[in-house]
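First comes the structure, then the notes that go with it.
The following block contains the structure:
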């Protein structure tokens with residue numbers, strides 16, 4: 315996940331992507347859980363938690379809400395964009411949620 319991050323920071327990342335309860339149920343941060351134990355949506359949210367932990371100045375989120383229901387995807391993406399407000403964030407998606415304070419560029423074939 316993020317080897318040097320304190321547990322409290324890891325839990326905040328998991329809360330931001332609504333995976334904290336699932337990880338607690340699986341035994342917490344120190345438990346070993348096989349990848350096939352997660353749904354596609356849960357795996358996607360774990361990847362988004364990894365992004366949440368990143369300090370990179372430029373972020374590319376490719377289909378970040380894939381495998382998530384619409385409302386959950388919007389909530390999580392809003393949280394991520396708020397966290398990354400001081401960075402350049404490129405979101406590539408087929409299903410653009412309504413977002414505030416963003417510049418949208420639509421590419422046509």
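Numbering (the numbering used here), first residue to last: 315 to 423.
In this text, a Cβ means the ideal position worked out from N, Cα and C, and glycines have one as well.
No experiment lies behind these values; they were computed from the predicted model shown.
Within the same chain, and ignoring the five residues on either side of residue 371 in sequence, the residues whose Cβ sits closer than 6 Å to its Cβ are 401. Annotation: the continuous beta strand (DSSP E) that includes residue 375 extends over 372–376. Taking the Cα positions, residue 337 is about 16 Å away from residue 320. In terms of Cβ geometry, residue 333 and residue 363 form a close pair [threshold 9 Å]. DSSP places residue 323 in the uninterrupted alpha helix (DSSP H) bounded by 321–330.
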